[in-house]
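Note that the protein sequences, when read in sequence, are chains A and B.
For the first sequence, the residue numbers in the numbering used here are -1 to 190.
For the second sequence, the residue numbers in the numbering used here are 11 to 581.
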Amino acid sequence: MLNQLRPAVMSLLALTLLLGLAYPLAMTGLAQAVVPNAANGSLVRVGGRVVGSRLIGQMFTRPDYLQGRPSAAGDGYDPTQSGGSNLGPLDPKLADRIAKSAAALGGDRRTLPADAVTTSASGLDPDISPEFARRQVARIAAARHMDAAAVQALIDQHTEGRFAGLIGEPRVNVLAVNLALDQRFRTGKPQS
Amino acid sequence: MTWQGWAEIALTLVLTVAIAWPLGIHLARVLEGRATPLDPLLRPVERAILALAGPQAATSQTWLGYTAALLAFNVAGFVLLYAVLMLQGMLPLNPLKLAGLSPDLAFNTAISFVTNTNWQAYSGETTMSNLSQMVGLTVQNFLSGATGIAIVGALARAFAAHRGEGLGNFWRDVVRVSLHVLLPLSVVMAVVLAVQGVPQTLAQHIDITTLEGAHQTLVVGPVASQEAIKQIGTNGGGFFNANSAHPFENPSPLTNLIAMIAMNGLAFGCVVAFGRIAGARKEARALVAAMALLLAVAAGAIYLAETQATPALLQAGLASAPNMEGKEVRFGAAASAVFAAMTTGASCGAVNAMHESFTPLGGGVALFLIQLGEILPGGVGSGLYGVVVMALLSVFVAGLMVGRTPEYLGKKVEAREIKFAMLAVLILPLAILGLTAVAAVLPVALKGLSASGPHGFTELLYAYSSGGGNNGSAFAGINANSPWWNDTMALDMLLGRFGYIVPVMAMAGAIVAKPKLAPSAGTLPSDNGLFIGLLIGVILILGGLQFFPALALGPLVEHFQMLARTAAPLR
């Protein structure tokens, strides 16, 4: 094996320079030049201030905002600790947590969509199902003293269907809807 | 269940198998040393690297020479990666000043990436600097994949030869595969991913204030370039802890589709390339058919399992709903199920949903796919040599039944080859079941588990299956960053990788020396439905006999427990 030492070391070093430095750096240069917004995390700005990433969910608790799914990432939507609950299907902790979430959401349990009471795999899921969004319309409308139909229309605008009608699931980007709510109705604060 | 879900699963598999042909044809050209369209750009680089490598890169190697070169290359790769991880704190491109890894974690991680496993006992976002991700992990994502694919060339040449000796040159194979196959595919995929929203930057943290005024730290980095080769090379080691479920690794249903095609397409392509080089195109088609058929059944089974009502949801009063715990809304049950089947059918190990939160049967099917030996379609290269081993065993079993010396692709299959084939196959139960059995009685191992009872046992069994099968996915509740877990998992991965490769190379050495026979009336055809059925039977019986007792203690018990619970509220 000793006579293979030179080819092993030399080819490894050459390939490391090419694949470990040249390739990622070239891709970085290219992406930064062509799609700087996407390459830098799809950041969303309001009045010049970065308020989040379109792709990363954040914690919403106020009644006048659309709220996302429960999150197992740190204390909730912590991108430095991405991950799921990893609770098994029969784990009593899972049943307890889901029962609590369902109770907190109220309304008819039978029609509650599963994404409303389950944590996502990343803990950073930026989306909810259209059904879960629909259930929140009345609350948002009441908190903002506005017409429920207008809120639903706004949610519909930000609902994305399956790709090519087949791929993935229909979804609502929570941050996008909340930005639109704030923009359309000026303040996010309850107006009472 | 929705018809769109079934259609998505079918479409994904059809596209994946379809792309295997152009990929396989290209790969065959590369392994045969013929011209490719990118030669004007890549040939000078190839020549330069091979010149640096010296005269060893220009000779034809016997199986021993080829294997020695392969092992030397992997040892060198291990040493470099281990050094990068240990010294991370002193190296540049580390904006967060992350310290070097502990010795056992660095050892585990280096073995993990060199063996194409990408088991991760760490969280990428809080452990790895950008330099470690690029120069350390990305490089081994390429080279461990190229190592596997090189063996496709060696094995195919063994079957093509007539009383031959040489299997080709490892250095030439590994460099050509890296340059002409993996690099161009990765460049294209990285660009597509970056356009779709996968970050590609040298920054690492972005601090922001959210809409509600909370503080949030976004983690970014050179993700797209690593994500591309992570899928194409069936590596599966995520930039982030949440892997392909993380919106920055896999932002949309479209990127998810691309990721799935990428993590299986080239593995199927290896079979196509093997068929072309060995002069056995129809036989390769039969292998692809058997692999794809089993994969499709597994994907459908996981989808069925994941759309059943689960006890936790039923108890909370929800009507039947998909098991969305540990799944992303943009993917849902169908895209999560087919991803799970493809990542465990290949030895990829990327996950877009948390397998630990799957229903017992959903997670159990994923686990069984790993235990079948990572051949559906398996890792790049490793899937091909794994399925060829199974094909040899199939013709051997058929030969026993009719009392003839079996042949495969014009080569007589005799005692020596079957011994090496069985030696390779038996390393998996030895590593997986042996380590699981030991760990199951040791408190130091059990400390790392997040669950008890049958689910805890499945967590344990999944970990060692994932290591031995060089998969790298996990029932991720496990805390595997302790010396016991880091060291035994490293041993598991080494046995599963090189304990398999060395007998396969010895087998290739035996096959290359045999005369190439023309098929006679007594030859069992290995390109028809009968052979596909026989091959599927051998794969299932071998895997089933080895692992069914263990599966019965984990996923199956848990499934019956679940039935007992879900039946009650419905009554």
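Every residue gets a Cβ at the ideal spot worked out from N, C-alpha and C, and that includes glycine.
4-residue-minimum alpha helix (DSSP H) runs that sit fully inside the stretch 36 to 121 of chain B, ordered along the chain: DSSP runs (the alpha helix (DSSP H)) wholly in the stretch 36 to 121 of chain B: 49 to 63 and 73 to 96.
Alpha carbon to alpha carbon, how far is glutamate 384 of chain B from alanine 401 of chain B? In a straight line, the C-alpha of glutamate 384 of chain B is about 14 Å away from that of alanine 401 of chain B.
Buried or exposed by the 16-neighbour rule on C-beta atoms within 10 Å, applied to glycine 519 of chain B: Under this definition glycine 519 of chain B is a buried residue.
Quick test of the definition: if touching needs 3 or more C-beta pairs under 8 Å, does the stretch 508 to 526 of chain B touch the stretch 429 to 445 of chain B? Touching, yes.
Endpoints, alpha helix (DSSP H) assigned at glycine 372 of chain B: Taken as a continuous stretch (DSSP letters only), the alpha helix (DSSP H) holding glycine 372 of chain B covers 370 to 381.
Enumerate in chain order the residues of its own chain whose CB-to-CB distance from alanine 164 of chain B is below 6 Å, with the five nearest sequence positions on each side excluded. Same-chain partners within the cutoff: Tyr76, Leu177, Gly178 and Ala518.
Host beta strand (DSSP E) of aspartate 180 of chain A (start-end): Counted as a single uninterrupted DSSP element, the stretch harbouring aspartate 180 of chain A is not any beta strand (DSSP E) but the alpha helix (DSSP H) occupying residues 172 to 182.
Which same chain residues, not among the five before or five after glycine 186 of chain A, have their C-beta less than 8 Å away from its C-beta? Since pLDDT at glycine 186 of chain A reaches only 47, below the 50 mark, its modelled position is unreliable, and the value read off the structure follows with that caveat. Cβ-Cβ distances below 8 Å link glycine 186 of chain A to Arg60, Asp62, Tyr63, Asn176, Leu179 and Asp180 in the same chain, with the five nearest sequence neighbours on each side left out; the list follows chain order.
How about glutamate 167 of chain A: is its C-beta nearer than 7 Å to some C-beta of chain B? Contact with chain B is found for glutamate 167 of chain A, since one of that chain's Cβ atoms lies less than 7 Å from the residue's Cβ.
Can you tell me the Cα-Cα spacing of isoleucine 546 of chain B and leucine 304 of chain B, whole angstroms? Isoleucine 546 of chain B and leucine 304 of chain B: Cα-Cα distance of roughly 8 Å.
Are valine 27 of chain B and phenylalanine 180 of chain B closer than 7 Å when you measure CB to CB? With respect to phenylalanine 180 of chain B, valine 27 of chain B sits apart: the two C-beta atoms are not nearer than 7 Å.
C-alpha gap between glycine 539 of chain B and alanine 455 of chain B, whole angstroms: Between the C-alpha atoms of glycine 539 of chain B and alanine 455 of chain B there is a straight-line separation of about 46 Å.
Given that aspartate 62 of chain A touches chain B, what residues does it touch there, using C-beta distances under 9 Å? Neighbours of aspartate 62 of chain A on chain B: none; closest Cβ ~10 Å, over 9 Å.
Residue-chain proximity (arginine 581 of chain B, chain A), Cβ-Cβ < 7 Å: Interpretation of arginine 581 of chain B is limited by its pLDDT of 41, a score under 50 that renders its predicted location unreliable; no figure is taken from the coordinates.
In the stretch 171 to 192 of chain B, which residues sit with their C-beta less than 7 Å from some C-beta in chain A, listed in chain order? When CB distances to chain A are screened at a threshold of 7 Å, the residues of the stretch 171 to 192 of chain B falling below it are Trp181, Val185 and Ser188, in chain order.
First and last residue of the beta strand (DSSP E) that includes histidine 215 of chain B? Under the DSSP assignment, histidine 215 of chain B falls in the beta strand (DSSP E) whose first and last residues are 215 to 219.
Could you give the uninterrupted runs of the alpha helix (DSSP H) lying entirely in the stretch 221 to 279 of chain B, keeping only those of 4 residues or more? Listed in chain order, they are 233 to 242.
Please confirm if the stretch 249 to 265 of chain B is in contact with the stretch 78 to 85 of chain A, defined as three or more CB-CB distances below 8 Å between the two stretches. Yes, they touch.
From B/Leu501, B/Gly336 and B/Gln66, residue whose alpha carbon lies closest to that of alanine 119 of chain A: Cα-wise, what sits closest to alanine 119 of chain A is B/Gly336.
Cβ neighbours of glutamine 189 of chain A in the same chain (closer than 7 Å, five flanking residues each side left out): The predicted position of glutamine 189 of chain A is uncertain, since its pLDDT is 41 and thus under 50; a value taken from the coordinates is nonetheless stated next. Answer for glutamine 189 of chain A: Arg142 and His143, listed in chain order.
Using a C-beta to C-beta distance shorter than 7 Å, which residues of chain B count as neighbours of glutamine 2 of chain A? Gln66, Ala78, Ala79 and Ala82, listed in chain order.
Under DSSP, the beta strand (DSSP E) around glycine 50 of chain A begins and ends at which residues? Where glycine 50 of chain A is concerned, the enclosing beta strand (DSSP E) starts and stops at 47 to 51.
Could you tell me the alpha carbon to alpha carbon distance between isoleucine 165 of chain A and methionine 273 of chain B, rounded to whole angstroms? If I take the Cα positions, the gap works out to 17 Å.
Flag this pair as yes or no: are the beta carbons of glycine 482 of chain B and valine 390 of chain B separated by less than 7 Å? Taking C-beta atoms as the reference points, glycine 482 of chain B and valine 390 of chain B fail to come closer than 7 Å.
So what's isoleucine 428 of chain B in DSSP terms, helix, strand or just coil? Residue state, collapsed to three classes: helix.
Give a yes or no on whether 7 Å exceeds the smallest Cβ distance from alanine 574 of chain B to chain A. Output row for alanine 574 of chain B: interface = no.
Rank B/Gly285, B/Leu452 and B/Val233 by C-alpha distance to the C-alpha of leucine 33 of chain B and give the top, closest one. Out of B/Gly285, B/Leu452 and B/Val233, B/Gly285 has the C-alpha closest to the C-alpha of leucine 33 of chain B.
Sorted by chain position, which residues of the same chain lie with C-beta nearer than 7 Å to phenylalanine 249 of chain B's C-beta, five sequence neighbours on each side aside? The residues are Gly134, Gln143, Gly231, Val233, Gln236, Glu237 and Glu259.
In the DSSP output, what is threonine 157 of chain A paired with across the bridge? The partner list for threonine 157 of chain A (beta bridge, DSSP) reads A/Val170.
With valine 149 of chain B as the anchor, note down where its alpha helix (DSSP H) starts and where it stops. It spans 149 to 170 - the alpha helix (DSSP H) in which valine 149 of chain B sits, taken as one unbroken run.
Is the Cβ-Cβ distance between valine 282 of chain B and valine 40 of chain B less than 7 Å? Inclusion of valine 282 of chain B and valine 40 of chain B in the CB contact set at 7 Å is not warranted, their separation being larger than that value.
Beta-carbon proximity check, alanine 350 of chain B vs alanine 311 of chain B, cutoff 7 Å: No, the Cβ-Cβ distance between alanine 350 of chain B and alanine 311 of chain B is not below 7 Å.
Quick check on the burial criterion: 16 or more other C-beta atoms within 10 angstroms. Buried or exposed for aspartate 217 of chain B? Burial call: exposed.
Threonine 369 of chain B versus B/Val348, B/Phe378, B/Val399 and B/Asn333, residue with shortest Cα-Cα distance: Distance check between threonine 369 of chain B and each of B/Val348, B/Phe378, B/Val399 and B/Asn333 places B/Asn333 closest, using alpha-carbon atoms only.
In chain B, which residues lie less than 7 Å from leucine 152 of chain A when you measure between Cβ atoms? Within 7 Å Cβ-Cβ: nothing; leucine 152 of chain A doesn't reach chain B, min ~15 Å.
Residues of its chain near glycine 105 of chain A, where Cβ-Cβ distance is below 8 Å and the 5 sequence neighbours each way are ignored: By the criterion of a C-beta distance shorter than 8 Å, glycine 105 of chain A is surrounded in its chain by Arg133, once the five residues flanking it on both sides are discounted.
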